[in-house]
Amino acid sequence: MNNLWPRLFCAAIAAAVIGCGDFPGLAVRGASAPGEAPKENRVQQLHRELIQADHPRRFVVAHRGDWRDFPENSVAAFQSCIEMGIEMVELDVQRTKDGELIVMHDTTVDRTTTGHGSVSELTLAEIRALHLRNGYSHETPFAVPTLREVLVATKGRILLNLDKSYPFFRQTVALLEETGTLESALMKGDRPVQQVLAENGDIFGKVAYMPVIDFREADAARIAEDWLTQARPCAMEIVYQEWTPAVAALFAECNARHVRIWVNLLWPELAGGMSDDLALSDPDSIYGVLLGRSVSMFQTDRPKVLQDYLRHPGNKARVGPR
Numbered sequence: 039m040n041n042l043w044p045r046l047f048c049a050a051i052a053a054a055v056i057g058c059g060d061f062p063g064l065a066v067r068g069a070s071a072p073g074e075a076p077k078e079n080r081v082q083q084l085h086r087e088l089i090q091a092d093h094p095r096r097f098v099v100a101h102r103g104d105w106r107d108f109p110e111n112s113v114a115a116f117q118s119c120i121e122m123g124i125e126m127v128e129l130d131v132q133r134t135k136d137g138e139l140i141v142m143h144d145t146t147v148d149r150t151t152t153g154h155g156s157v158s159e160l161t162l163a164e165i166r167a168l169h170l171r172n173g174y175s176h177e178t179p180f181a182v183p184t185l186r187e188v189l190v191a192t193k194g195r196i197l198l199n200l201d202k203s204y205p206f207f208r209q210t211v212a213l214l215e216e217t218g219t220l221e222s223a224l225m226k227g228d229r230p231v232q233q234v235l236a237e238n239g240d241i242f243g244k245v246a247y248m249p250v251i252d253f254r255e256a257d258a259a260r261i262a263e264d265w266l267t268q269a270r271p272c273a274m275e276i277v278y279q280e281w282t283p284a285v286a287a288l289f290a291e292c293n294a295r296h297v298r299i300w301v302n303l304l305w306p307e308l309a310g311g312m313s314d315d316l317a318l319s320d321p322d323s324i325y326g327v328l329l330g331r332s333v334s335m336f337q338t339d340r341p342k343v344l345q346d347y348l349r350h351p352g353n354k355a356r357v358g359p360r
């Protein structure tokens with residue numbers, strides 16, 4: 039067993055930084071001494087840079103946290119990313135039988151825990167009695183965290199991309215408000231802008247939101263254009279199997295409109311044949327090319343490798359026009 043787990047787990051549960059704001063783009067500052075300028079905590083700074091699309095910040099987004107060293111979607115996996123200095127973690131939201139939001143990728147607990155069954159058919163108490171499994175399917179001492187626990191443990195310390203949260207949009211936003219973590223969150227979904235505004239338009243502006251545009255779907259270009267013209271988001275996640283003229287045109291349009299581009303490096307079919315694993319042998323052909331295309335948000339399964347590349351002084355000049 040990794041001997042860092044107990045320390046990271048305890049530190050993660052104990053960590054809660056006061057001072058996150060109540061509305062994206064309106065930073066509520068931490069306490070300052072009389073006469074001093076208000077100070078931002080780390081999340082407030084990252085949130086400000088996120089919504090300021092022409093800011094030079096490049097965001098490393100750790101897919102399900104540091105899952106190579108800790109169970110995926112665990113507080114310990116997120117705490118490890120905080121200690122590495124990663125800007126954002128991606129996590130997944132599911133809802134239990136009794137209506138509690140938990141952090142888990144699958145709709146069942148079978149793969150990632152010691153239990154069996156659908157999340158929607160199990161109560162929170164039943165799920166909390168289980169132990170998470172690591173990447174080798176071995177049992178660990180960690181429990182499935184609730185979304186509330188993750189929000190509190192990471193507050194003020196790292197941004198959170200809340201995947202699979204759209205079906206629970208209102209409940210999620212209410213929880214973000216209750217915990218004072220609206221600035222921590224970047225929600226996302228693959229619905230057309232018309233549907234999102236019709237269903238959640240009255241609270242849509244409370245939290246940062248990113249549409250997912252998947253070029254494996256025939257109407258991807260139209261859906262993207264609707265988003266850009268009707269509700270300009272701070273970022274757009276673009277999924278593409280090949281680098282086609284249509285994909286290139288959307289990249290150019292996002293840059294022209296100062297919308298950040300998010301690319302997934304998890305598998306080659308998500309980013310035109312590029313991936314984290316391919317970058318291990320030739321990082322310039324993956325990370326360097328994407329920087330040249332003005333990508334500024336990289337979802338990765340190798341956050342430390344990508345972070346080291348982006349921080350290298352020689353790679354800062356590779357960034358394309360914004």
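First residue of the sequence shown: 39, per this note's numbering; consecutive thereafter.
Built from N, CA and C at the ideal position, the CB exists for glycine as well.
Since this is a predicted model, take the numbers as computed values, not measurements.
Cα separation between Glu187 and His85? So the two alpha carbons sit approximately 20 Å from each other.
Along the chain, where does the beta strand (DSSP E) containing His101 start, and where does it finish? It spans 97–101 - the beta strand (DSSP E) in which His101 sits, taken as one unbroken run.
Is Asn111 helix, strand or coil when you go by DSSP? Asn111 falls in the coil class under three-state DSSP.
Which full runs of the beta strand (DSSP E) of 3+ residues lie inside the region 117–154, going along the chain? As summarised for the region 117–154, the continuous beta strand (DSSP E) elements at least 3 residues long and confined to that stretch are 126–133, 139–141, given in chain order.
In this structure, does DSSP put Phe336 in helix, strand or coil? Strand.
According to DSSP, is Lys342 part of a helix, a strand, or is it coil? It is helical.
For Gly153, which of Gly137, Arg171, Leu139, Ile140 has the nearest alpha-carbon? Minimum Cα distance to Gly153 is reached at Arg171.
Using 7 Å as the cut-off, classify the Cβ of Ala258 as near or not near the heavy atoms of the ligand ZN, replying yes or no. No copy of the ligand ZN occurs in the structure displayed, which carries no ligand at all.
Helix, strand or coil for Gly243 per DSSP? Judged by DSSP in its simplified three-state form, Gly243 adopts helix.
At a cut of 8 Å, does the region 155–169 reach the region 229–248 through at least three beta carbon pairs? With the cut-off at 8 Å, the region 155–169 and the region 229–248 do not touch.
Got a sec? Which residues, its chain only, sit under 7 Å from His350 by beta carbon, not counting five neighbours each side? Taken in chain order, the list of residues that qualify is empty.
Rounding to the nearest angstrom, what Cα-Cα distance links Ala269 and Ile89 in this structure? The straight-line gap from Cα to Cα measures roughly 14 Å.
Leu348 and Val98 closer than 8 Å at C-beta: Result yes, Cβ atoms of Leu348 and Val98 sit closer than 8 Å.
Taking the alpha carbon of Arg229 as the reference point, which residue from Ser332, Trp281, Glu275 has its own alpha carbon closest? For Arg229, the nearest C-alpha among the options comes from Glu275.
Rounded straight-line distance, which links the Cα of Gly173 to that of Glu128: The alpha-carbon separation between Glu128 and Gly173 amounts to approximately 17 Å.
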